[in-house]
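Student:
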């Protein structure tokens, strides 16, 4: 069970991903997670972290500021949690198991949800949908979590502007927009001003690159309802997001900046000890039992990650040999025109390979999308750390030209970042947390296919810079 975005300082045993920091909790067993949230606040979430169980096993995790510490924005009248999800008519384990057996892509979801409901305009008319009641003239803080398995989602409310004030539990410079883009794993806090006085207004969440129609079974709807408005009153609809919505997504992403105030500074690493270049994408490996004699896989730097049979953190702490190697490549094994002409060989190598970092070293990772099979936006999540996105662009990353444009003053701080389709993003962080830390695509199908790796961060000097020993009730494999 993962507490997504919590910085598990020296308490990696409570991080949650199966076979990375713990063995799975077996049926009928229990495990108590002990960790501290000192110095942390904001909207995060928790979810199952094995196979596809997080489809239905998830929820918001809200950490309020210390008593007496105000928000760096006007205090809202009320706070509302809104969790965006996906839903299948069938057992999600059966869906992914069938896909793994065939070697093909799994079935897409049958509906999206807001707080568990698909909405009144979906193909499930018995569901009235989530209702957001508001009072005229009041301001509301919406804490929005994208818990969907495989879809980046646009979010909007008809007739209303939203003021973004936080992403991934890090305050941002406020800016107004009518459309949010939230990738799986990301959270976004916005201020909503109920300044229209009366009426009912459609709340809409739809997949990025969805068909250009107002409503379909993949678009989830809810209703913003002003007090005093009759149920029989007509709902004002939101304009659908156009099919070619890349400019909308790009504009939103580029508007995100860290607050970078005296109280909430952006401590961007300026000197880099480890400069890494990671290609992310899909591949094809032979499979004698699959439908076409091959199976779709995913990889980082041409390495498709193989999950171990015992947790990597245990292997690291107890110095167990044969579980993993620490030779994950800092650059792709195969070099080609990543966003242009494709190589003739789509095959990847497999292995449980980690990248080792000394305690307190600084890291820059350029994450480069590849067009192998198809270019896609990959939301990459890093456990154990927050990071700063210092740059992004389309096409292939240029080592000489692009770093000159990096924002090292107020880049957005996150724990999950979207690698743009056909483009790249550059992130920086300080490895000040000893342990083993997972990095993976938060599109669950890509994680299943192997788009994942892990960092092993060595202990520093003394007990305060060292990983704590495992708890006595740590699950056994």
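Numbering (full-length UniProt numbering), first residue to last: 1 to 477.
Yeah, the Cβ is synthetic: ideal placement off N, Cα and C, and Gly gets one too.
1) Where does residue 337 fall in DSSP's three states?
2) Taking a contact to mean a Cβ-Cβ separation below 9 Å, would you say residue 140 touches residue 79 in this structure?
3) Which value, in whole angstroms, describes the spacing of the CA atoms of residue 151 and residue 241?
4) Can you find at least 3 beta carbon pairs, one from the stretch 422–430 and one from the stretch 303–312, that sit closer than 8 Å?
5) In the DSSP assignment, find the alpha helix (DSSP H) that holds residue 105 and state where it starts and stops.
6) Flag this pair as yes or no: are the beta carbons of residue 22 and residue 313 separated by less than 9 Å?
7) If you drop the 5 nearest sequence neighbours on each side, which residues of the same chain put their C-beta closer than 6 Å to that of residue 214?
8) Less than 9 Å between the beta carbons of residue 252 and residue 177, yes or no?
9) With C-beta atoms as the reference, is residue 286 less than 9 Å away from residue 444?
10) Would DSSP call residue 267 helix, strand or coil?
11) Can you give me the start and stop residues for the beta strand (DSSP E) that residue 309 sits inside?
12) Closest to residue 315 by CA distance: which of 13, 39, 363 and 223 is it?
13) Within a Cβ cutoff of 7 Å, which residues of the same chain sit near residue 73, ignoring the five residues on either side of it in sequence?
14) Is it the case that the stretch 453–463 contacts the stretch 358–366, given that we only count it when at least three CB pairs across the two stretches are under 8 Å?
15) Grab me the residues of residue 198's own chain with a C-beta within less than 8 Å of its C-beta, minus the 5 sequence neighbours each way, in chain order.
16) Is DSSP giving residue 449 helix, strand or coil here?
17) Please name the residue in 115, 323 and 193 whose C-alpha comes closest to that of residue 77.
18) Using only the alpha-carbon positions, how far apart do residue 409 and residue 463 sit?
19) Which ranges does the alpha helix (DSSP H) cover as unbroken runs of at least 4 residues, wholly within the UniProt domain "Plastocyanin-like" (79–228), from first to last along the chain?
20) How is residue 55 classed by DSSP in three states: helix, strand or coil?
21) Could you give the distance in angstroms between the alpha-carbon of residue 179 and the alpha-carbon of residue 52?
22) With DSSP as the reference, identify every bridge partner of residue 355, one or two as the case may be.
23) Say whether the stretch 2–16 touches the stretch 40–52, bearing in mind that this needs 3 or more beta-carbon pairs closer than 8 Å, one atom from each stretch.
24) Which of the three DSSP states, helix, strand or coil, is assigned to residue 432?
25) Out of 168, 418, 55 and 269, which one is the CA nearest neighbour of residue 90?
26) Which residues mark the beginning and the end of the beta strand (DSSP E) in which residue 300 is found?
27) Taking residue 319 as part of the alpha helix (DSSP H), name the residues at either end of that continuous run.
28) Please name the residue in 288, 416, 422 and 421 whose C-alpha comes closest to that of residue 438.
29) Answer yes if the stretch 318–333 comes into contact with the stretch 377–393, meaning at least three C-beta pairs across the two stretches below 8 Å, and no otherwise.
30) Report yes if the CB atom of residue 418 is closer than 9 Å to the CB atom of residue 149, and no otherwise.
31) Quick check: the Cα distance between residue 352 and residue 259, rounded to an integer number of angstroms?
32) Just to check my reading of the structure: residue 385 and residue 433 have Cβ atoms closer than 8 Å, yes? What is that Cβ distance to the nearest angstrom?
33) CA-CA distance, residue 378 and residue 10?
34) If you draw a straight line from the C-alpha of residue 40 to the C-alpha of residue 413, how long is it?
35) Based on the DSSP secondary-structure assignment, which residues constitute the bridge partners of residue 275?
Tutor: A quick look at the data gives this:
1) Sequence index remark: in the chain shown, residue 337 carries index 337 (1-based). Three-state result, residue 337: coil.
2) Position 140 of the chain shown holds residue 140. Position 79 of the chain shown holds residue 79. It is a contact, given that the beta carbons lie within the stated cut-off.
3) On the chain shown, position 151 is the one that residue 151 refers to. On the chain shown, position 241 is the one that residue 241 refers to. Rounded to whole angstroms, residue 151 to residue 241 spans 15 Å at the Cα level.
4) A contact between stretches requires three or more CB pairs, one per stretch, nearer than 8 Å, and the stretch 422–430 fails this requirement with the stretch 303–312.
5) Start at 1 with the first residue of the chain shown, and residue 105 comes out as number 105. Neither: residue 105 is in no alpha helix (DSSP H) and is coded neither H nor E.
6) Working through the chain shown from its first residue, we reach residue 22 at position 22. Working through the chain shown from its first residue, we reach residue 313 at position 313. Cβ distance < 9 Å, so residue 22 and residue 313 count as in contact.
7) Translated into positions along the chain shown, residue 214 becomes position 214. In this prediction, residue 214 scores a pLDDT of 40, lower than 50, which makes its location untrustworthy; no coordinate-derived value is stated.
8) Taking the chain shown and counting its residues from 1, the one referred to as residue 252 is at position 252. Taking the chain shown and counting its residues from 1, the one referred to as residue 177 is at position 177. Contact check for residue 252 against residue 177 passes: the beta carbons are separated by less than 9 Å.
9) In the chain shown, the residue the question calls residue 286 occupies position 286. In the chain shown, the residue the question calls residue 444 occupies position 444. Not a contact, by the Cβ cut-off of 9 Å.
10) Walking along the chain shown from the start, residue 267 turns up at place 267. In this structure, residue 267 counts as coil in the three-state DSSP scheme.
11) Here residue 309 is taken as the residue at index 309 of the chain shown, counted from 1. Per DSSP, residue 309 is not a residue of any beta strand (DSSP E), being assigned neither H nor E.
12) By one-based count along the chain shown, residue 315 stands at place 315. Of the candidates 13, 39, 363 and 223, the residue whose Cα lies closest to the Cα of residue 315 is 13.
13) Translated into the one-based positions of the chain shown, residue 73 becomes position 73. Within the same chain, 165, 174 and 191 come within 7 Å of residue 73 by CB-CB distance, once the 5 residues on both sides are set aside.
14) Flag = yes, the stretch 358–366 and the stretch 453–463 touch.
15) Position 198 of the chain shown, counting from 1, holds the residue named residue 198. Shown here for residue 198: same chain residues with a beta carbon closer than 8 Å to its own, the five before and five after excluded, namely 136, 226, 228 and 229 in chain order.
16) The residue labelled residue 449 in the question sits at position 449 within the chain shown. Secondary structure of residue 449 (DSSP, three-state): helix.
17) Working through the chain shown from its first residue, we reach residue 77 at position 77. Checked all of 115, 323 and 193; the closest Cα to residue 77 is 193.
18) Counted from its first residue, the chain shown places residue 409 at position 409. Counted from its first residue, the chain shown places residue 463 at position 463. If I take the Cα positions, the gap works out to 33 Å.
19) Runs found: 92–102.
20) Your numbering for residue 55 matches position 55 in the chain shown. Collapsing the DSSP output to three states places residue 55 in a helix.
21) The sequence position of residue 179 within the chain shown is 179, counting from 1. The sequence position of residue 52 within the chain shown is 52, counting from 1. Answer to the nearest angstrom: the Cα atoms are 28 Å apart.
22) In the chain shown, counting from the first residue as 1, residue 355 sits at position 355. DSSP lists 327 and 455 as partners of residue 355.
23) Flag = yes, the stretch 2–16 and the stretch 40–52 touch.
24) Sequence index remark: in the chain shown, residue 432 carries index 432 (1-based). Here residue 432 sits in coil by DSSP.
25) Locating residue 90 in the chain shown gives position 90, where the first residue counts as 1. It is 55 whose Cα lies nearest to the Cα of residue 90.
26) Along the chain shown, read from residue 1 onward, the residue named residue 300 stands at position 300. Residue 300 -> beta strand (DSSP E) spans 294–300.
27) Here the question's residue 319 lines up with position 319 in the chain shown. First-last for residue 319: undefined, no H or E at that position.
28) Taking the first residue of the chain shown as position 1, residue 438 is located at position 438. Measuring from the Cα of residue 438, the nearest candidate turns out to be 416.
29) Because the criterion of three Cβ pairs below 8 Å is not met, the stretch 377–393 and the stretch 318–333 do not touch.
30) On the chain shown, residue 418 is found 418 positions in, with the first residue counted as 1. On the chain shown, residue 149 is found 149 positions in, with the first residue counted as 1. No, the pair does not count as a contact, with Cβ atoms beyond the cut-off.
31) Indexing the chain shown from 1 puts residue 352 at position 352. Indexing the chain shown from 1 puts residue 259 at position 259. Computed Cα separation, rounded: 38 Å.
32) As a first step, residue 385 must be located in the chain shown, where it is residue number 385. As a first step, residue 433 must be located in the chain shown, where it is residue number 433. Confirmed, about 6 Å.
33) As a first step, residue 378 is located in the chain shown; it is residue number 378 there, counting from the start. As a first step, residue 10 is located in the chain shown; it is residue number 10 there, counting from the start. Per the coordinates, the alpha-carbon of residue 378 lies some 28 Å from the alpha-carbon of residue 10.
34) Sequence index remark: in the chain shown, residue 40 carries index 40 (1-based). Sequence index remark: in the chain shown, residue 413 carries index 413 (1-based). If I take the Cα positions, the gap works out to 13 Å.
35) As a first step, residue 275 is located in the chain shown; it is residue number 275 there, counting from the start. The secondary-structure analysis by DSSP pairs residue 275 across a beta bridge with 364.
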